[in-house]
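Single-structure report; data block below.
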Amino acid sequence: MPLYRLEAVVLYHRYLGEADKIVTLYSREKGKVRAVARGARRPRNRLLAGTQPYSHADFLLFSGSGLDTISQCELKESFYSLREDLHRMAAAAYVAELYDLLIEEGEKNEGLFFLLLSTLHLLADGEEIELTLRYFELRFLSLLGYQPQLSQCVHCGGPLREGPLRFSGQLGGVLCPDCWGQDGRALYLSRGTLELLKRFLTVTPRTLRVLGAAPAMRRELETVLKACLEYRLPRELKSRRFLALVQGEGP
-7 MPLYRLEAVV LYHRYLGEAD KIVTLYSREK GKVRAVARGA RRPRNRLLAG TQPYSHADFL
53 LFSGSGLDTI SQCELKESFY SLREDLHRMA AAAYVAELYD LLIEEGEKNE GLFFLLLSTL
113 HLLADGEEIE LTLRYFELRF LSLLGYQPQL SQCVHCGGPL REGPLRFSGQ LGGVLCPDCW
173 GQDGRALYLS RGTLELLKRF LTVTPRTLRV LGAAPAMRRE LETVLKACLE YRLPRELKSR
233 RFLALVQGEG P
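Per the numbering used here, the sequence shown starts with residue -7, numbered consecutively.
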């Protein structure tokens, strides 16, 4: 049974039998991997800490005929604070569910691995949740190859001249006034929000704290990025409903 090592973050775990877990990892070397952690639910088991949700660890696994098995893990960061704060835990769960739904197993992408780590750090370090998630969503889409067209009309390729704009989640970008009819569900997009989206593609995550955004702009950011994601998701995100609920936006 060949052994291999991964540096990975735990996206999820689910119970298997009385003492085991099936763990979904997102790794630097292999992308998404599912593996069995034998005995990881027992209080003194050596795999317990490293197989908790959002834990960042070095794993030693061996391949078998079915799911691979975690033999050892060395915890690097627990991100325990995320599990102590309901809002931040809900945000982390949202990030993890997007990785699980939109990424196939075995597709290596180091950029996505480091985006996951940096997003968990921002959430754990007390950065603002709302802008952190908007930044994450745009970078996530971009790394998957779905970066929205923000510099010219997504339909005709023409310049975005002065005047009102619309954003099409279906087409994946901004529409000039001449092309609004290409998507009857296109959303209003202000110039200020468009410029902020462009800045998200060039600034570092820690810069978010100095990027001011008025409430109306925040609503636009959430709406247009949600529209982009919805056209690519196989189902509604359970974590999005939970996040809205803990933020006081749900029923």
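Note that beta-carbon positions come from the ideal geometry of N, C-alpha and C, so glycine has one too.
Flag this pair as yes or no: are the beta carbons of residue i and residue j separated by less than 8 Å?
{"i": "alanine 41", "j": "leucine 8", "result": "no"}
{"i": "leucine 163", "j": "glutamine 174", "result": "yes"}
{"i": "leucine 225", "j": "leucine 125", "result": "no"}
{"i": "arginine 33", "j": "aspartate 12", "result": "yes"}
{"i": "valine 146", "j": "valine 166", "result": "yes"}
{"i": "leucine 188", "j": "leucine 157", "result": "no"}
{"i": "proline 45", "j": "serine 110", "result": "no"}
{"i": "phenylalanine 105", "j": "serine 19", "result": "yes"}
{"i": "alanine 116", "j": "serine 231", "result": "no"}
Return the bridge partner residues of residue i from the DSSP annotation.
{"i": "leucine 67", "result": "Ala49"}
{"i": "isoleucine 62", "result": "Leu53"}
{"i": "aspartate 12", "result": "Leu8"}
{"i": "phenylalanine 159", "result": "Val166, Leu179"}
{"i": "alanine 82", "result": "BP columns for alanine 82 are empty, so no partner."}
{"i": "tyrosine 18", "result": "Val1, Lys24"}
Just the Cα atoms here: how many angstroms apart are residue i and residue j?
{"i": "valine 202", "j": "glutamate 154", "result": "27 Å"}
{"i": "serine 63", "j": "isoleucine 121", "result": "35 Å"}
{"i": "arginine 38", "j": "leucine 235", "result": "32 Å"}
{"i": "serine 70", "j": "alanine 85", "result": "15 Å"}
{"i": "arginine 80", "j": "arginine 211", "result": "19 Å"}
{"i": "serine 134", "j": "lysine 190", "result": "12 Å"}
{"i": "valine 25", "j": "threonine 199", "result": "32 Å"}
Going by Cα to Cα distance, which pick from the options is closest to residue i?
{"i": "valine 87", "options": "Leu179, Leu200, Arg158, Val2", "result": "Val2"}
{"i": "valine 28", "options": "Lys22, Arg36, Thr16, Gly184", "result": "Thr16"}
{"i": "arginine 30", "options": "Asp170, Asp77, Leu52", "result": "Leu52"}
* To do: May I have a chain-ordered list of the beta strand (DSSP E) segments no shorter than 3 residues that lie completely inside the region 171 to 237?
  => 179 to 181
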